[in-house]
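A quick write-up on the structure given underneath.
Residue numbers (the numbering used here), protein chains in the order written: chain A, 410 to 885; chain B, 26 to 95.
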């Protein structure tokens, strides 16, 4: 098959981060983002490999206007943020509460730890929470770092955040949760909604590569502590091709057997911050992850049931929302139409000029990005949050079949859905090789930065091949 | 489980078309492939069903959030 130009966009030079026009080319089963820097030459990065087909993975939406905090001066991604060119409000806001970390991972997008690392004063952080609430509104607030459990006033921070936001998430490596079992209960009492737990593997060799030391026992202990405290957990594997991608099925199978684990959120490795795994062939694209899930679960999860997001850009994430059945099976809550039936008539809505596509069988509606952002916050809370103060085990009694003659009541259904929803999701963060500025402008995961800015996550962590950053201040 | 909705006072409600007082019925509601049974007020003559505001913006909205796509 001859190469085909699929679209035009903008990117950066991975070496000097200069803004460059870019093209999206289909070459066989792979799709590449390609551009040339006058100083550093030609760059091509694979952004899609295999099925579901790139052209079928569609969720067009109208960008929304936002209240800009910074003027348009040097162009995206240098004007964050948010600047008037940004097309989506915040869905999740990250507050980095400390640079300190009790690990020194070979792979760390935030380049955390080191001798100069410190925690930010509580008063400063509470002011930041109020700023985020005033400017971003009702979002999911993520306490992040560094390792946020290193902050000496973590419980006060959680309580303060809970007063301002509908949901508070803790992004953690889980070591303190494992070593101090009473912490989970204190966090839950202070209003934490769920723990976003770094969980790369069920075996120690993977942790040795990604985290520099064996951690499997601590990860399991952290989940057990959260189970005891009725504090929901999302397992978050960082995935590298050839290292742990073939383990994804086992991670999902283990996760669904833990009543307190509400889902698995997969993050393919990017080249940002500190990273010694620089081989671009080890970067996974969304279809490769979906195929790894299907293979790893022996077809119990079907790639065809994955869906693109409506809040962030369609190529930034995928999601499955399942019912966790009494026999351990995961079935989609809502039957999904094949993606091939959802190819839109027009792809002009987001300004991306595309080549001809297959004839559509169903016209895909163009979503309202503003509405989807509100929905995304609510759906996150329903999927990942407890749903009830102390969630019951997932299979306390007979499961009510969806198609039985006598329907369940709304009360039965809601209680069942809160117990049994299990999500498998993933977010493909961008780096200097893969950065597509159309995607970046749709980002809804924003990092707070003093003195009152929201920086899209991939702009915040953008790191050149020489280690230069645009927005993140490097630790001393 | 009691499937009657709380705060469901149908005293004084009549069907506009038939001018008949509403009574309570078991109704099957279907949304995105999932069916639910709930007791709702309706007209015995023409079968029209009333969904009160607190149900539409309460439990039904919760169901929508659970089933709808992100």
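Every residue gets a Cβ at the ideal spot worked out from N, C-alpha and C, and that includes glycine.
query                                                                                                                                                                                        : result
With the cut-off set at 7 Å, would you say residue 601 of chain A and residue 579 of chain A are in Cβ contact?                                                                              : yes
Under a CB-based cut-off of 7 Å, is residue 57 of chain B close to chain A?                                                                                                                  : yes
What three-state label does DSSP hand residue 50 of chain B in the structure shown?                                                                                                          : strand
For residue 791 of chain A, would you say it is in contact with chain B, using Cβ-to-Cβ distances shorter than 7 Å as the test?                                                              : yes
Here's a check: name, in chain order, each residue in its chain whose Cβ is nearer than 8 Å to the Cβ of residue 487 of chain A, leaving out the five neighbours to either side.             : 428 and 879
In whole angstroms, what is the alpha-carbon distance linking residue 93 of chain B and residue 460 of chain A?                                                                              : 24 Å
With distance defined between alpha-carbon atoms, name the residue in A/697, A/851, A/676 and A/735 nearest to residue 835 of chain A.                                                       : A/676
Using the beta-carbon of each residue, which ones in chain B are nearer than 7 Å to residue 743 of chain A?                                                                                  : 57, 58 and 92
Compile a chain-ordered list of the residues in the stretch 59-73 of chain B whose CB is closer than 8 Å to at least one CB of chain A.                                                      : 59, 60, 61, 62 and 63
Beta-carbon within less than 6 Å of residue 466 of chain A's beta-carbon, same chain only, minus the 5 sequence neighbours each way: which residues are those?                               : 717
Nearest to residue 839 of chain A by alpha carbon, out of A/624, A/543, A/490 and A/852?                                                                                                     : A/852
Please confirm if residue 42 of chain B has its CB atom under 7 Å from at least one CB of chain A.                                                                                           : no
When DSSP builds the beta bridges, which residues end up paired with residue 418 of chain A?                                                                                                 : A/431
According to DSSP, is residue 867 of chain A part of a helix, a strand, or is it coil?                                                                                                       : helix
Would you mind working out which of B/38, B/46, B/63 and B/54 sits nearest residue 69 of chain B, comparing C-alpha positions?                                                               : B/46
Mapping DSSP to helix, strand and coil, what is residue 475 of chain A?                                                                                                                      : coil
Let me see if you follow: with CB-CB separation under 7 Å, is residue 826 of chain A close to chain B or not?                                                                                : yes
Beta-carbon within less than 8 Å of residue 540 of chain A's beta-carbon, same chain only, minus the 5 sequence neighbours each way: which residues are those?                               : 857 and 861
Would you kindly work out how many angstroms separate the C-alpha atoms of residue 806 of chain A and residue 707 of chain A, rounded to a whole number?                                     : Low confidence applies here, because residue 806 of chain A scores a pLDDT of 37, under 50, leaving its location unreliable; read the following figure in that light. Cα to Cα, the separation comes out at about 27 Å.
Quick check: what's the CA-CA separation for residue 538 of chain A versus residue 91 of chain B?                                                                                            : 28 Å
Determine the direct distance from the alpha carbon of residue 454 of chain A to that of residue 866 of chain A, and round the result to whole angstroms.                                    : 20 Å
Between the beta-carbon of residue 618 of chain A and the beta-carbon of residue 552 of chain A, is there less than 7 Å?                                                                     : no
Comparing the C-beta of residue 822 of chain A with each C-beta of chain B, is any distance below 7 Å?                                                                                       : yes
Is it the case that the stretch 667-676 of chain A contacts the stretch 643-651 of chain A, given that we only count it when at least three CB pairs across the two stretches are under 8 Å? : yes
Let me know the alpha helix (DSSP H) ranges lying completely inside the stretch 829-868 of chain A, each 4 residues or longer, listed in chain order.                                        : 846-850
With a threshold of 7 Å between beta-carbons, can residue 818 of chain A be considered close to chain B, or not?                                                                             : yes
In whole angstroms, what is the alpha-carbon distance linking residue 472 of chain A and residue 781 of chain A?                                                                             : 11 Å
Just the C-alpha distance for residue 729 of chain A and residue 38 of chain B, rounded to the nearest angstrom, thanks.                                                                     : 43 Å
When burial is assigned at 16 or more other CB atoms within 10 Å of the CB, is residue 482 of chain A buried or exposed?                                                                     : exposed
Quick check: the Cα distance between residue 752 of chain A and residue 55 of chain B, rounded to an integer number of angstroms?                                                            : Note that residue 752 of chain A has pLDDT 46, beneath the 50 cutoff, so the model's placement of it is unreliable and no number is given.
Would a check of beta-carbon distances place residue 787 of chain A closer than 7 Å to chain C?                                                                                              : Within the model displayed, chain C is absent; protein chains A and B are what it includes.
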